[in-house]
Every structure is written in C-alpha cells, then in structure tokens.
Amino acid sequence: MGGAMTKYIFVTGGVASALGKGITSASLGRLLVARGLRVTMLKFDPYVNVDAGTMNPHQHGEVFVTDDGAETDMDLGHYERFIDTNLSRDNNTTTGKIYGAVIARERRGEYLGGTVQVIPHVTNEIKDEIRKVGAAASADVVIVEVGGTVGDIEGLPFLEAIRQFRRTVGPEHVMYVHVSLVPYLPASGELKTKPTQHSVKELRSIGIQPDVIVCRTERPLSRGVKEKIALFCDVDAEAVIEALDVATIYEVPLILEREGLGEIAVQRLRLECRPPDLGEWQEMVERITRPTGRVRIALVGKYMGVEDSYVSVVEALRHGGIAHRCEVVIEKVDSEHLEPLHESEVASRLAGVDGVLVCPGFGARGVEGKVKAIRYAREHRVPLLGDCYGMQWAVIEFARHVCGLAGASTTEVDPQTPHPVIDLLPEQKGITDKGGTMRLGVYPCRLTPGSRAAAAYGEPEVAERHRHRYEVNNAYLDVLTRHGLRVTGVFPAKNLVEIVELPDHPWFVGTQFHGEYRSRPNRPHPLYRDFIGAALRRARIGGTAMGLVAYVNGAFVPKEEAKISVYDHGYLYGDGIFEGIRAYNGRIFRLDRHLDRLYDSARYLML
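The numbering used here puts the last residue of the sequence shown at 615; the count rises by one with no breaks.
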C-alpha cells in the first residue's frame with residue numbers, strides 16, 4: 009500500500025467455542041495476501057497461562073512452535089499455513105503475558121506511583137501488543153483474533169482494548185468481524201437466528217458494532233435469513249456471510265471470497281490493492297477434492313481423545329497427499345491400547361495401513377505401544393516416520409530388538425535403564441522449571457549425502473523447529489550404526505543426532521525435529537511428502553498384490569527364490585517377496601518406478 013497507515017481487522021466469536029474463528033481469520037488473511045497485501049496475524053488467548061507450553065493437549069490441542077522458539081496456540085499453525093508467513097512469539101499474547109508485563113512495569117516504577125488498573129493499564133498493554141506486531145511486520149493489515157466467546161469474563165479486557173483501539177487509530181482503519189452459529193433444528197425444519205442475535209447484542213453492550221457477521225451453518229442461508237440477521241444486528245445484508253461446512257479447511261478462503269468477504273474488507277478499510285489471484289489456491293483445492301490415489305496412515309500416539317492434539321501432523325500428512333494428488337485416510341491408533349496386545353494382535357490392528365507415523369509426546373504412558381507399532385512397521389517393511397519422541401522410540405526399538413540391548417530405554421521414562429540410548433541433553437540437567445525451558449525453535453541440520461533425507465530436501469543443510477529435552481546418546485552410536493541404523497542428519501555445533509534411517513527398509517525415517525511445523529499446503533514438508541509417496545507405492549502394490557505375485561515370480565525375483573507364503577489383507581508376507589527384495593535391494597527403486605508406470609497406465613496389474 010505504499011506507506012499508508014496499517015489497517016486492523018478484529019475477529020470475535022459468539023454462541024459457542026470451536027466455531028472456526030482461527031480458520032476464518034486465516035482464510036481472510038489468505039484473501040488479502042491474494043490481493044498483494046502484507047498481512048500479519050495476532051492471537052489473543054484469555055487464559056492466565058504465560059504461553060501454551062505447559063498445557064495438556066487434551067484440554068487445549070497441540071502446542072505450535074515458531075522459529076524463535078515460542079510455544080503458542082495451535083491457531084498460529086493455521087495462520088502460517090494459510091498466509092504462508094513465519095510468525096513469532098509476538099503473534100500470540102495471553103492474559104498471563106499481559107499481566108506479567110504490567111506487573112513488571114509496576115515493580116520498575118513506570119506507573120509513577122499510580123493505582124494500576126485494568127483500564128487503562130492492562131488495556132494499554134494490549135493495544136501496545138497490537139501496534140508492535142503490525143510495526144514489526146511492516147504490515148498493511150493486522151488481523152487480530154480474540155480467543156473464547158463474547159461474554160467470557162476472561163476475555164473482557166481484550167474486548168475493551170479492541171473497542172478503544174477504534175477510537176485510538178480512527179474508525180476508517182478498523183473493521184470488526186463476528187463469527188457466530190446459525191443452528192438448524194430438524195424438529196422445526198428451520199435455521200435459528202436467535203443465538204446470533206443475542207451474541208451480537210452482547211458484543212454491542214461492550215461497545216463493539218460488528219461490520220461483518222460470519223455465520224457458521226450446516227445449511228445454506230436463504231436471502232430471508234440473511235436479511236433477518238442484518239435487521240436485528242444492524243449490518244448490511246451483504247455483510248452477513250454464509251460459512252458452510254466444507255470437505256477441507258483449505259476450501260474456506262474460496263467460499264468466503266465467493267460470499268464477498270474479501271471485497272467487503274477492501275471497501276470498508278479503503279485498501280489499495282490488485283484484484284485477487286487465487287488460481288494456485290484453487291488448483292491446490294482441486295488436488296484435494298479430486299484425488300487420483302488413496303493411502304491409509306496409522307497415526308500412533310497417546311492424545312487421541314481430542315481432534316486437535318496433533319493438528320499440525322495431520323495437516324502435514326494432508327500436504328503430502330496434495331503433492332501426490334492422493335487422499336490421506338488417517339486411522340488413529342491409541343498407543344496405550346496397543347500395549348497389552350500380542351504381536352499377532354498388533355499385526356491384525358495395523359494390517360492394511362500403508363504407513364505408520366509415530367507421534368511426538370512426553371512421558372511413560374503408551375510408549376510400549378509405540379514400540380510395538382514401530383517393530384511392526386520395521387519387520388513388515390511398512391513405511392514409517394517417527395516424529396521427535398516417535399524417533400526416539402524408534403531408536404529404542406532398534407536397540408532392543410536388533411542390537412540386542414535388553415532393557416534399552418530413555419532416562420525420561422526409566423532413569424535406571426541399563427542402556428540409556430536416549431538421554432537428557434547436557435544443558436537441560438539441573439533445570440526444574442517446565443515452561444519455555446526445552447530446546448525450542450529453529451536449529452540447523454547437516455544432511456548426509458546419498459541419504460533419503462538429503463534426496464528429499466535437495467540441499468546439504470536445512471533448518472527445522474524443535475521441542476525436546478532428550479536426545480540420542482552418542483555413546484551408543486557405534487553399536488547402533490554397526491547393526492544398520494544410519495544417522496543422516498546432525499546438529500553440526502554439537503554433533504547431536506537429528507535424523508536416523510534404515511537403508512534396507514523401503515522407507516524408515518525418524519526426525520528429532522518437528523517437520524510438521526514448517527509444512528505448508530502449497531509447499532509440503534519434504535519428509536512428509538516422501539513418506540506419503542512411499543505409502544502410496546505400498547498402497548499400489550497392496551492393491552494389486554495378486555498380480556504382483558505373478559510379476560515378482562520371474563520378473564523381479566528369480567522363481568526359485570520367490571516362495572510367496574501368505575497373502576493377507578491385501579498385502580504379501582513371508583520369506584518369499586521380502587527375502588527376494590533384500591537380495592535385490594539395489595533394484596527395489598527401479599521396481600517402484602516400474603510399478604508407478606504400470607499403475608498410471610492400467611491402474612491395476614491384471615497378470
């Protein structure tokens with residue numbers, strides 16, 4: 009906008025939580041980015057925690073880590089993925105952070121002996137945060153999402169601050185968007201507007217008049233319903249935006265653009281910008297909604313009770329699917345439920361999946377279930393990606409069952425383990441505080457030439473985000489590598505293990521870092537992309553197993569070596585195919601490419 013004053017859009021929510029304020033805010037950000045504007049975003053979380061780092065995923069969803077090591081609300085992940093911009097600790101502010109800053113100022117005497125109050129001291133601190141974020145990003149537009157719902161006592165200081173902000177910068181520079189619910193009652197066959205009316209009434213009682221109302225609904229809004237909401241809430245009918253449920257969250261920007269939200273923002277804030285260019289985004293959505301393949305991925309973790317516990321992992325898997333134009337069907341597997349199962353029962357539980365992703369986490373609960381899932385993937389040659397804690401337990405499983413190190417574990421779970429293959433980082437020893445004290449944020453990783461990791465990234469050194477206290481114990485590297493585990497990524501300054509692989513496995517990779525935090529729908533993370541690619545190859549083989557029997561017997565593996573023993577759940581097991589593949593390990597990638605060509609031309613091998 010050429011030096012014009014920054015504009016501000018405030019997004020609030022009413023009626024119920026989890027309506028999608030974060031996705032709405034991120035989608036509006038995408039619409040403005042598509043118009044060539046510089047956009048940054050800010051999330052206000054009214055809880056008293058300083059940050060999200062110590063919060064239970066069962067209560068609050070995942071913790072999202074930024075480049076600078078901030079442990080933030082998961083909505084920042086959506087912001088980064090939609091506006092394709094790296095954010096920082098300044099883009100997430102909590103009540104705890106605000107009050108901490110106010111109290112620190114009072115202790116330094118900055119209030120000159122005055123009585124410190126919510127108004128003006130707390131609200132001024134909140135307004136300072138808004139201005140700081142916009143200035144740091146040199147933003148044309150700052151989108152601010154206020155967490156919670158209108159009427160929550162914790163959110164009142166934030167709502168008061170954004171009310172004051174309009175007066176501070178001028179009404180022509182501020183726009184208010186309210187996200188509300190318009191439920192459908194089957195008994196009466198009607199969409200009910202009363203909850204939205206009451207929500208807006210509550211917002212107006214605080215002194216905020218919304219410019220736009222985004223209505224979350226499962227049924228289309230008729231013109232009459234829109235006009236009714238407009239009449240009772242004092243907005244233009246065109247500013248009542250229908251937000252229907254969609255197949256993928258990445259379709260939301262397109263829905264909101266068709267409803268006119270982008271143009272309303274441009275006109276309301278008098279933004280000077282080009283017409284929107286959503287062609288690439290539209291193409292990406294078509295790759296999601298019209299896939300040409302399908303894979304099933306077992307997501308193995310212990311926080312399976314809440315949909316948002318692993319949201320960045322799930323989205324990164326879907327990004328990998330976008331790259332290969334395939335549908336990613338995620339099968340949640342609670343690692344605790346695997347612990348009492350016998351090996352055959354684990355195999356039955358995981359039979360038919362095309363890949364296994366072992367999730368990050370902490371603590372002892374469910375870890376032996378992760379070990380069983382990892383062993384299954386390793387022995388049955390199912391593609392595996394171990395993420396952070398998942399990587400650590402992949403190393404432990406290998407140490408126990410391949411290296412023969414009975415009782416191998418991590419000192420996080422078993423301080424007395426005879427083989428601490430995973431141990432506390434030296435700089436973490438003596439630390440007692442939990443919040444903000446881990447190895448957090450971006451660190452460099454040097455890759456080994458010729459490895460799967462190097463092939464995926466296509467460069468010798470990369471930077472990835474971390475969140476951990478424990479690391480592979482370098483004292484065990486010799487025995488691990490002698491038995492076939494390959495270290496293919498290290499932190500150069502301290503030679504810390506960052507990536508491990510099994511070269512004789514179709515695809516077995518573990519990363520100490522969290523690749524999911526840097527994955528974008530238009531730029532999938534390289535390892536997630538290649539993991540889905542490996543799973544897709546397995547799915548194609550599994551879907552054509554009967555033809556593959558004939559193909560393998562004589563074409564790839566000599567007939568005398570190919571004694572297929574078991575065909576189960578669409579997959580081949582036994583010594584025949586796998587011993588043959590091991591014997592011809594150097595040719596397996598050529599088989600994959602050949603199968604790709606066969607699949608593309610005939611979809612099924614009818615041999």
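Even glycine gets a Cβ: it sits at the ideal position worked out from N, Cα and C.
Annotation: Cys367 is outside any beta strand (DSSP E) and is labelled neither H nor E by DSSP. Here the alpha carbons of Asp92 and Pro514 stand approximately 32 Å from one another. Rounded to whole angstroms, Arg526 and Leu346 show a C-alpha spacing of 30 Å.
Around the CB of Val450, 16 or more other CB atoms lie within 10 Å, so the residue is classed as buried.
By the 16-neighbour rule on beta-carbons within 10 angstroms, Val403 is buried. Judged by DSSP in its simplified three-state form, Ser25 adopts coil rather than helix or strand. DSSP assignment within the segment 89-177 yields the following whole alpha helix (DSSP H) runs of 4 residues or more, N-terminal first: 103-115, 131-144, 164-177. If the five residues before and after Gly329 are omitted, its C-beta is found closer than 8 Å to the C-beta atoms of Ile296, Pro299, Val303, Glu335, Val336, Ile540, all from its own chain and listed in chain order. Pairing Leu264 with Leu50 gives a Cβ-Cβ distance that is not under 8 Å.
Residue range 202-214 is occupied by the alpha helix (DSSP H) that includes Ser207. Nearest neighbour of Phe240 by Cα position, chosen from Asp253, Pro261, His206, Cys223, turns out to be His206. Looking at the backbone, the Cα of Val126 and that of Gly394 are separated by about 46 Å. Ranking Gly215, Val487, Asp431, Met399 by CA distance to the CA of Gly523 puts Met399 first. Listed in chain order, the non-local C-beta contacts of His86 below 7 Å within the same chain comprise Gly30, Ile31, Ala34, local neighbours out to five positions each way being set aside. Looking from the CA of Asn99, the closest CA among Glu88, Ala109, Gly108 belongs to Glu88. For the beta strand (DSSP E) assignment, the uninterrupted runs of no fewer than 3 residues enclosed by the segment 476-506 are, from N- to C-terminal side, 478-480, 494-499.
Here the segment 306-317 makes no contact with the segment 205-223; the two share fewer than three CB pairs at distances below 8 Å. Boundaries of the alpha helix (DSSP H) around Arg383: 375-387.
Counting other Cβ atoms within 10 Å of its Cβ, Ser352 stays below 16 and is therefore classed as exposed. The residues Pro284, Asp285, Leu286, in chain order, have a CB closer than 6 Å to that of Ala42 in the same chain once the five nearest residues on each side in sequence are set aside. Contact between the segment 408-417 and the segment 461-474 is absent: fewer than 3 CB-CB pairs across the two stretches fall below 8 Å. The DSSP-derived three-state label of Lys236 is helix.
Taken in chain order, the whole beta strand (DSSP E) runs of length 3 or more contained in the segment 274-339 are 301-309. Around His327, the same chain offers Ser527, Pro529, Pro532 as residues with beta carbons nearer than 6 Å, after the five sequence neighbours per side are excluded. Fully enclosed alpha helix (DSSP H) runs of no fewer than 4 residues occupy 29-41, 65-68 of the segment 18-90, in order along the chain. Between Trp401 and Val429, the CB-CB gap reaches or exceeds 8 Å. With a 10 Å radius around the Cβ and a threshold of 16 neighbouring Cβ atoms, Glu118 comes out exposed. By the Cβ rule, the segment 15-23 does not count as touching the segment 64-80, because fewer than three pairs are nearer than 8 Å.
Inclusion of Tyr184 and Ile151 in the CB contact set at 8 Å is not warranted, their separation being larger than that value.
In terms of Cα proximity to Phe521, the closest of Gln424, Ala359, Asp53, Tyr397 is Tyr397.
Here His186 carries a strand assignment [DSSP, helix/strand/coil]. Sequence-distant partners of Val319 (beyond 5 residues in either direction) whose C-beta falls short of 7 Å from its own C-beta, in its chain, are Gly69, Glu70, Met82, Gly85.
In this chain, the alpha helix (DSSP H) harbouring Pro261 covers 260-267. If you check the CB distance, Cys223 and Ile249 come in under 8 Å. Counting only the Cα atoms, Val321 lies some 32 Å from Gly268. In the DSSP assignment, Val421 falls outside any alpha helix (DSSP H), carrying neither H nor E.
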